[in-house]
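Right, one structure below, let's go through it.
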Amino acid sequence: MTSQSKTVLFIVAPDDFQDEEYFIPRQILEEKGHQILTSSTLEQAVSKSGKTIDTDRLLGLINEAEADAIVFVGGSGCQKYFAMKKSHQIAAGYLEEGKIVGAICSAVSILANTGILQDVKVTGYKDEKKNILKQGGNYTGEEVEVDGLIITARDAEASQAFGEAIAQALEGDK
Numbered sequence: 070m071t072s073q074s075k076t077v078l079f080i081v082a083p084d085d086f087q088d089e090e091y092f093i094p095r096q097i098l099e100e101k102g103h104q105i106l107t108s109s110t111l112e113q114a115v116s117k118s119g120k121t122i123d124t125d126r127l128l129g130l131i132n133e134a135e136a137d138a139i140v141f142v143g144g145s146g147c148q149k150y151f152a153m154k155k156s157h158q159i160a161a162g163y164l165e166e167g168k169i170v171g172a173i174c175s176a177v178s179i180l181a182n183t184g185i186l187q188d189v190k191v192t193g194y195k196d197e198k199k200n201i202l203k204q205g206g207n208y209t210g211e212e213v214e215v216d217g218l219i220i221t222a223r224d225a226e227a228s229q230a231f232g233e234a235i236a237q238a239l240e241g242d243k
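Just so we're aligned, residue 70 is where the sequence shown starts under this note's numbering, counting upward by one.
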């Protein structure tokens, strides 16, 4: 870990999180020297392809002081967090603290349902476009969008660009 390293907290569903949307950005950030923490509602989470990972924090124990950025990972399992008050509190809390809040693919609806995308330029999975617009977000459909502290990505194919955008934001080179 370098003196400029930051901590990034990834939130994954306990099952069916999208592999690329977690592992690719994680690898990019680790290669840049950043520390990664992973959280879910269970102590282990299973990806869409069946990979099991250990989590560092249970979702209910997260606080805004432990990381410089938070990233919600997509995949069909993330729908569990769409209406979960704790996920909304985490997203809003990180943003209120002036920290980076990211989401990729379907997970962008977690941010939309939190109410933090009002007049924010955002992208996400096409099936979530209607919800994003309903919640006041300005949906673009682009690969990645960075609007202030909010970073969103369209889908798994955008995982590389998403990871790079988070790394750039952490380095202050927006």
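Backbone N, C-alpha and C define an ideal beta-carbon position, used for all residues, glycine too.
On a predicted model such as this, the values are computed, not experimentally measured, just so you know.
Leaving aside the five residues before and after residue i along the sequence, list all residues of the same chain whose C-beta is less than 7 Å from its C-beta, in chain order.
i    : result
V189 : G206, N207, D216, I219
S72  : Confidence is the limiting factor: at S72 the pLDDT is only 47, short of 50, which leaves the residue's position unreliable, though a coordinate-based value still follows. Contacts found: none.
CB-CB under 6 Å to residue i, same chain, minus the five flanking residues each way: which ones, in chain order?
i    : result
D125 : L106, T107
V115 : D84, T121
Q229 : I93
I169 : A138, L218, A238
If I follow the unbroken alpha helix (DSSP H) through residue i, where does it start and stop?
i    : result
Q237 : 228-239
G205 : Element bounds for G205: n/a, residue is neither H nor E.
D88  : 88-100
V177 : 177-183
A172 : A172 -> not in any alpha helix (DSSP H); beta strand (DSSP E) instead, spanning 169-173.
By the DSSP assignment, the beta strand (DSSP E) with residue i in it spans what residues?
i    : result
V213 : 213-216
A222 : 219-222
L78  : 76-80
Give the single residue among the options whose Cα lies nearest to the Cα of residue i.
i    : options                : result
C174 : G193, G167, A181       : G193
L202 : E211, Q187, V213, E212 : Q187
S178 : G210, R95, Y150        : Y150
A172 : G129, L128, T221       : T221
Q148 : I97, N200, Y163, I169  : N200
G184 : K168, A152, Q237       : A152
I131 : A236, A82, S109        : S109
R119 : G143, Q87, V140        : First, the amino acid is wrong: residue 119 is Gly here, not Arg. Answer by Cα proximity: Q87.
E133 : G210, A161, E197       : A161
Quick check: is the beta carbon of residue i nearer than 7 Å to any beta carbon in chain D?
i    : result
S145 : Reference to chain D is not applicable here, since this structure consists of a single protein chain.
- [ ] Enumerate, from N- to C-terminal direction, the unbroken beta strand (DSSP E) stretches of 3 or more residues contained entirely within the segment 103-144.
- [x] 104-109, 113-116, 121-123, 138-141
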